[in-house]
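**Student:** This is the structure I want to talk about, given as structure tokens.
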Amino acid sequence: MKGACNQPVCGVCGWKLVKNGSTSAGRTRWRCQSCGASTTQARPDITAKAQASMFLDWL
């Protein structure tokens, strides 16, 4: 993995991603400096917390 621990990497070529604006939903958009691929990434800690909360509400 290249870059800092919080620096996302490209799923296509493995190079570091840079911030490239945001989506209409407010999520950060990332672009690869090497191949130009664009992506958004979810924060697993927030996603897991939200899923646990929804499960407990369901119970």
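The numbering of the sequence shown is our numbering, which starts it at 10 and goes up by one. No residue lacks a Cβ here, since even glycine has one placed at the ideal position from N, Cα and C.
What would DSSP say about T49, mapped onto helix, strand or coil?
**Tutor:** Correct three-state label for T49: strand.
**Student:** Measuring straight from C-alpha to C-alpha, what distance separates F64 and L26?
**Tutor:** Straight-line Cα distance between these residues: approximately 33 Å.
**Student:** According to DSSP, is L26 helix, strand or coil?
**Tutor:** If DSSP states are grouped into helix, strand and coil, L26 belongs with the strands.
**Student:** Select from W39, A59, A57, K58 the residue whose C-alpha is nearest the C-alpha of Q50.
**Tutor:** Considering only alpha carbons, the answer is W39.
**Student:** Give me the Cα-Cα distance between T32 and A46, rounded to the nearest whole angstrom.
**Tutor:** Rounded to whole angstroms, T32 to A46 spans 15 Å at the Cα level.
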